[in-house]
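Participant: Residue numbers (this note's numbering): -1 to 253.
Ideal Cβ positions, reconstructed from N, Cα and C, are used throughout, including at glycine.
Keep in mind the model is a prediction, meaning the values are calculated, not measured.
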């Protein structure tokens, strides 16, 4: 697959990454830059995560782009960049992995083809056969907890696979650049931003036992008495001798 023009927003992602590392709020006010868009792609197209080979900030391992959004995956966070089309205003959030393994192995699964970036007249600067994937996997991001990131029906799924005997309470996340975190009556997480509320669907959790998918009750748990916009999950009852999957999803196409 060949594309003729890069649409990575270096200034937006750099601001968001800097804010995440400093614990500040600069992610809410990224500098104006070229749009983070694959310009005319429909918002509900399946996500494809491209390996970063110099098209984005060096901290980014993989990225995905669409008509009004771009997602950047780093060892420490997922940066979400959005475009408000009527005003062309850009906004970025960083979903930070709290207390996580910064050296977790990150790899792609589900190959989706390759991209060629043939810019300029100097072939030494061209990039060819850049791989892309449907899913990105973080191994042991917390002790015996893997994170799978993928797109599904207009949602950015960040799916936790909790190994038998591991603790789902170890999973801690925080939204840098958010003005608030609240829960609605359905149990969804509402992330306050300058562009409105970003909805994180209630988690769907389950175990596979004897080949049968068994639902497990789960919910978001907000940090209280703190100002870091943090949250985690509570689940159960469930069998601790089997893997537990916790599956929330950011509804980016309706934002």
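Going by DSSP in three states, residue 246 sits in which element: helix, strand or coil?
Facilitator: Reduced to three states, the DSSP call for residue 246 is strand.
Participant: Looking only at its chain, what residues have a beta carbon closer than 7 Å to the beta carbon of residue 109, apart from the 5 residues adjacent to it on each side?
Facilitator: The answer, listed in chain order, is 129 and 131.
Participant: Give the DSSP-derived three-state secondary structure of residue 56 in the structure shown.
Facilitator: If DSSP states are grouped into helix, strand and coil, residue 56 belongs with coil.
Participant: Under 8 Å Cβ to Cβ from residue 252, same chain only, skipping five residues before and after it: list those, please.
Facilitator: Closer than 8 Å at the Cβ level, and outside the excluded window around residue 252, lie 152 and 197.
Participant: Taking only three categories from DSSP, how would you classify residue 162?
Facilitator: Three-state DSSP puts residue 162 in coil, outside helix and strand.
Participant: If we require 3 or more residues per run, which beta strand (DSSP E) segments fall completely within the segment 155 to 234?
Facilitator: Here the runs fully enclosed are 171 to 174, 178 to 181, 187 to 191, 194 to 207, 210 to 214, 216 to 220 and 228 to 233.
Participant: Does residue 250 pass the burial test, meaning 16 or more other C-beta atoms within 10 Å, or should it be called exposed?
Facilitator: Looking at its Cβ environment, which holds 16 or more other Cβ atoms inside 10 Å, residue 250 is buried.
Participant: Three or more beta-carbon pairs under 8 Å between the segment 238 to 246 and the segment 201 to 216, yes or no?
Facilitator: Enough Cβ pairs lie closer than 8 Å, so yes.
Participant: Let's see if you can read the secondary structure: which residues bound the beta strand (DSSP E) around residue 112?
Facilitator: Unbroken beta strand (DSSP E) run through residue 112: 103 to 115.
Participant: Contact check, residue 111 vs residue 44 under 8 Å by CB: the rounded distance?
Facilitator: Going by Cβ atoms, the distance from residue 111 to residue 44 rounds to 12 Å, so no, they are not a contact pair.
Participant: Determine the direct distance from the alpha carbon of residue 55 to that of residue 229, and round the result to whole angstroms.
Facilitator: So the alpha carbons of these two residues sit roughly 27 Å apart.
Participant: Indicate whether residue 164 and residue 141 have their beta-carbon atoms separated by less than 8 Å.
Facilitator: Result yes, Cβ atoms of residue 164 and residue 141 sit closer than 8 Å.
Participant: Taking buried to mean at least 16 other C-beta atoms within 10 Å of its own C-beta, is residue 213 buried or exposed?
Facilitator: Exposed, by the Cβ-count rule.
Participant: Should residue 76 and residue 106 be called a contact, given that it needs their Cβ atoms to be closer than 8 Å?
Facilitator: No.
Participant: What do you get for residue 236, buried or exposed, if any count of 16 or more other CB atoms within 10 angstroms of its CB means buried?
Facilitator: It counts as buried.
Participant: Check whether the Cβ atoms of residue 172 and residue 186 sit closer than 8 Å, and answer yes or no.
Facilitator: Not closer than 8 Å, so no.
Participant: I need the DSSP call for residue 129, collapsed to helix, strand or coil.
Facilitator: Three-state DSSP puts residue 129 in a strand.
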